[in-house]
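*Asks:* Got a structure here, written out as structure tokens. Questions coming.
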Amino acid sequence: MTAPTDRMPLPHRGRAWALGVILPVLITGTGWVLVASMLPRLPEQVALHWGVDGVDRVGPVSELVTVNAVLGGISLVVLAVLAVVTGRTSLTRRLVLGLATGSAVFFTGLLLTQVLAQVDLTDPYAAREPDLAMTLTTVAAVVAGGLAAALAGGDPDLPATTALPGDAPRTALGAGERAVWTRRVTATRSMRRWGGLALALYIGFSLWLALVTDSWFVALLMLAIVPLVLTMLVWDVRVDATGLAARGAMGWPRQHVPASEVERAEVIEVSPFAEFGGWGLRTNVTGATGVVIRRGEAISVARSGGRRFVVTVDDAAAGAALLNTFAERARTAAH
Numbered sequence: 065m066t067a068p069t070d071r072m073p074l075p076h077r078g079r080a081w082a083l084g085v086i087l088p089v090l091i092t093g094t095g096w097v098l099v100a101s102m103l104p105r106l107p108e109q110v111a112l113h114w115g116v117d118g119v120d121r122v123g124p125v126s127e128l129v130t131v132n133a134v135l136g137g138i139s140l141v142v143l144a145v146l147a148v149v150t151g152r153t154s155l156t157r158r159l160v161l162g163l164a165t166g167s168a169v170f171f172t173g174l175l176l177t178q179v180l181a182q183v184d185l186t187d188p189y190a191a192r193e194p195d196l197a198m199t200l201t202t203v204a205a206v207v208a209g210g211l212a213a214a215l216a217g218g219d220p221d222l223p224a225t226t227a228l229p230g231d232a233p234r235t236a237l238g239a240g241e242r243a244v245w246t247r248r249v250t251a252t253r254s255m256r257r258w259g260g261l262a263l264a265l266y267i268g269f270s271l272w273l274a275l276v277t278d279s280w281f282v283a284l285l286m287l288a289i290v291p292l293v294l295t296m297l298v299w300d301v302r303v304d305a306t307g308l309a310a311r312g313a314m315g316w317p318r319q320h321v322p323a324s325e326v327e328r329a330e331v332i333e334v335s336p337f338a339e340f341g342g343w344g345l346r347t348n349v350t351g352a353t354g355v356v357i358r359r360g361e362a363i364s365v366a367r368s369g370g371r372r373f374v375v376t377v378d379d380a381a382a383g384a385a386l387l388n389t390f391a392e393r394a395r396t397a398a399h
């Protein structure tokens with residue numbers, strides 16, 4: 065596999081600090097100030113958990129805030145570090161900054177809803193489960209994370225400056241001749257079978273849990289990821305004069321590598337879990353991004369700035385060769 069050239073500086077550093085560090089700290093800090101102001105108005109023992117018949121566990125307020133502080137604090141620190149040390153590609157940057165802002169809203173809102181539900185109570189068992197408030201908190205976290213991801217900034221134009229390697233495979237095209245290569249990528253039959261079974265069990269378990277606990281908030285949280293998972297099962301891959309594009313079956317998500325930024329395209333063998341930690345639209349610790357639906361052959365694209373994009377697809381050799389041809393044409397056109 066060909067290594068990418070020198071890495072470009074991480075783009076949009078101001079946005080990374082603002083959306084990945086400063087904003088989450090401000091959200092968390094504001095929430096904790098509000099919680100601290102309400103502590104004197106809480107009962108000595110507070111509700112920690114609600115069951116079918118209402119509150120089923122109480123404890124000191126320190127336990128309530130400590131759990132949130134640990135989980136929220138770990139999330140805040142880890143995502144803040146990732147925000148400032150990663151983000152060479154827009155996918156990674158949007159993912160990290162969206163998670164950083166969204167997680168801060170979620171953990172802060174979760175603590176506030178539990179505290180507000182018990183202000184001025186004398187009996188913690190009288191506290192009503194804040195289902196609606198938790199649902200609104202989840203929605204707010206998703207919206208805030210989505211806005212942060214949208215504001216994270218796209219990839220800057222960075223045309224390749226090196227010549228395409230002589231041994232890079234190419235497709236023989238005449239001067240001015242056009243070509244398009246397309247493939248639809250789906251999970252393997254066995255993966256669809258077992259994945260469908262797992263999804264059905266997951267949905268059933270979510271609904272059962274909601275009925276048992278009488279909390280549809282739980283089902284909402286668990287089922288929210290199902291549409292996202294479904295969008296990752298089928299992708300359309302296209303190579304043409306503009307470069308390589310991969311789109312989910314509904315047209316989203318979309319990944320595009322301009323032909324002008326291709327340093328080399330080649331065929332590799334991919335193990336999704338070993339190299340990307342799973343399946344779908346992925347990014348890994350090396351900063352590579354990819355559409356990884358199954359094990360096997362894939363097009364690996366070394367991009368300018370030390371970036372790499374991978375897509376698992378049948379007939380990868382033909383797609384890689386055509387992409388190299390268009391990358392070479394893009395260099396010629398630029399000069």
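According to the numbering used here, the sequence shown is numbered sequentially starting from 65. Beta carbons are placed, not taken as given, at the ideal position from N, Cα and C, and that holds for glycine.
(1) Count the other CB atoms, across all protein chains shown, that sit within 10 Å of the CB of P322; report buried if there are 16 or more and exposed otherwise.
(2) Determine, using beta carbons only, whether A274 and T389 come nearer to each other than 9 angstroms.
(3) How long is the line joining the alpha carbons of V149 and V349, rounded to whole angstroms?
(4) Is it buried or exposed for E327, if we count other Cβ within 10 angstroms and need 16 for buried?
(5) For D195, which three-state DSSP category applies?
(6) To the nearest angstrom, how far is it from the Cα of P68 to the Cα of V203?
(7) Just mark M198 as buried or exposed, buried being the case when its beta carbon has 16 or more other beta carbons within 10 Å.
(8) Which partner residues does R311 have in the DSSP bridge list?
(9) Where L146 and V355 are concerned, what is the direct C-alpha to C-alpha distance, given to the nearest angstrom?
(10) Pull up the distance between the alpha-carbon of I91 and that of V331, whole angstroms please.
(11) Helix, strand or coil for W245, going by three-state DSSP, please let me know.
(12) DSSP has A364 in a bridge; who is on the other side?
(13) Please name the residue or residues paired with W114 in a DSSP beta bridge.
(14) When the Cα atoms are used, what is the spatial distance from A212 to A82?
(15) Which residue from V301, S154 and W280 puts its Cα closest to that of L196?
(16) So, are the CB atoms of L143 and L345 less than 9 angstroms apart?
(17) So for R358, helix, strand or coil by DSSP?
(18) So within the stretch 79-151, which uninterrupted beta strand (DSSP E) runs reach at least 3 residues, ignoring any that extend past its ends?
(19) If you draw a straight line from the C-alpha of H320 to the C-alpha of I267, how long is it?
(20) Let me know the beta strand (DSSP E) ranges lying completely inside the stretch 209-256, each 3 residues or longer, listed in chain order.
(21) Taking A313 as the reference, give the member of D120, V301 and T306 with the closest Cα.
(22) Of all the options L175, P73 and L271, which has the alpha carbon lying nearest to the alpha carbon of D219?
(23) If distances are taken between C-alpha atoms only, which option among V131, G217 and T177 comes closest to G54?
(24) Please classify G369: is it buried, with 16 or more other beta-carbons within 10 angstroms of its beta-carbon, or exposed?
(25) Take T165 and list the residues in its own chain whose beta-carbon comes closer than 7 angstroms to its own, dropping the five residues that flank it on each side.
(26) Measure the CB-CB distance between L161 and G151 and report whether it falls below 9 angstroms.
(27) Pick from V298, S254, W245 and A362: whose alpha carbon is nearest that of G307?
(28) Exposed or buried, what is T226 when buried is set at 16 or more other beta-carbons lying within 10 Å of its beta-carbon?
*Replies:* According to the structure data:
(1) In the sequence shown, residue 322 corresponds to position 258, counting from 1. Label assigned to P322: buried.
(2) Start at 1 with the first residue of the sequence shown, and residue 274 comes out as number 210. Start at 1 with the first residue of the sequence shown, and residue 389 comes out as number 325. Against a cut-off of 9 angstroms, the Cβ pair of T389 and A274 comes out as no contact.
(3) By 1-based counting over the sequence shown, the position of residue 149 is 85. By 1-based counting over the sequence shown, the position of residue 349 is 285. Whole-angstrom Cα-Cα distance: 11 angstroms.
(4) In the sequence shown, residue 327 corresponds to position 263, counting from 1. That one is buried.
(5) What you label residue 195 is simply residue 131 of the sequence shown in a count that begins at 1. Reduced to three states, the DSSP call for D195 is helix.
(6) Here residue 68 refers to the residue found at position 4 of the sequence shown. Here residue 203 refers to the residue found at position 139 of the sequence shown. Because P68 carries a pLDDT of 48, less than 50, the predicted location of this residue cannot be relied on, and the following value inherits that uncertainty. If you take the alpha carbons of P68 and V203, they lie about 40 angstroms apart.
(7) Sequence index remark: in the sequence shown, residue 198 carries index 134 (1-based). So M198 counts as buried.
(8) Reading the sequence shown from its first residue, position 247 is the one you call residue 311. In the DSSP output, where bridge partners are listed per residue, R311 has D300 and R318.
(9) Within the sequence shown, residue 146 is the residue found at index 82, counting from 1. Within the sequence shown, residue 355 is the residue found at index 291, counting from 1. About 21 angstroms.
(10) As a first step, residue 91 must be located in the sequence shown, where it is residue number 27. As a first step, residue 331 must be located in the sequence shown, where it is residue number 267. Cα-Cα distance, rounded: 45 angstroms.
(11) Reading the sequence shown from its first residue, position 181 is the one you call residue 245. Correct three-state label for W245: strand.
(12) As a first step, residue 364 must be located in the sequence shown, where it is residue number 300. Reading off the sequence, residue 364 comes out as Ser, not Ala. Paired residues: E330 and V374.
(13) The residue you call residue 114 lines up with position 50 of the sequence shown. Paired residue(s): V119.
(14) As a position in the sequence shown, residue 212 is number 148, starting the count at 1. As a position in the sequence shown, residue 82 is number 18, starting the count at 1. Roughly 10 angstroms separates the two Cα atoms.
(15) Residue mapping note: residue 196 aligns to position 132 of the sequence shown, counting from 1. Closest by alpha carbon: W280.
(16) Here residue 143 corresponds to residue number 79 of the sequence shown, with the count starting at 1. Here residue 345 corresponds to residue number 281 of the sequence shown, with the count starting at 1. Cβ atoms of L143 and L345: not closer than 9 angstroms.
(17) As a working mapping, residue 358 is identified with position 294 in the sequence shown. Reduced to three states, the DSSP call for R358 is coil.
(18) Fully enclosed beta strand (DSSP E) runs of 3 or longer: 109-115 and 118-124.
(19) Mapped onto the sequence shown, residue 320 falls at position 256. Mapped onto the sequence shown, residue 267 falls at position 203. Their Cα atoms are separated by approximately 33 angstroms.
(20) 245-250
(21) By 1-based counting over the sequence shown, the position of residue 313 is 249. Closest option to A313, Cα to Cα, is V301.
(22) Position 155 of the sequence shown, counting from 1, holds the residue named residue 219. That would be P73, whose Cα lies nearest to the Cα of D219.
(23) Only positions 65 to 399 of the chain appear in this structure, which leaves residue 54 out of reach.
(24) Translated into the one-based positions of the sequence shown, residue 369 becomes position 305. Looking at its Cβ environment, which holds 16 or more other Cβ atoms inside 10 Å, G369 is buried.
(25) Start at 1 with the first residue of the sequence shown, and residue 165 comes out as number 101. For T165, the CB contacts under 7 angstroms within the same chain, skipping 5 residues up- and downstream, are L83, L87, P88, A208, G209 and A212 in chain order.
(26) Taking the sequence shown and counting its residues from 1, the one referred to as residue 161 is at position 97. Taking the sequence shown and counting its residues from 1, the one referred to as residue 151 is at position 87. Yes, Cβ-Cβ distance for L161 and G151 is below 9 angstroms.
(27) Indexing the sequence shown from 1 puts residue 307 at position 243. Of the listed residues, the one whose Cα sits closest to G307 is W245.
(28) Start at 1 with the first residue of the sequence shown, and residue 226 comes out as number 162. Flag for T226 reads exposed.
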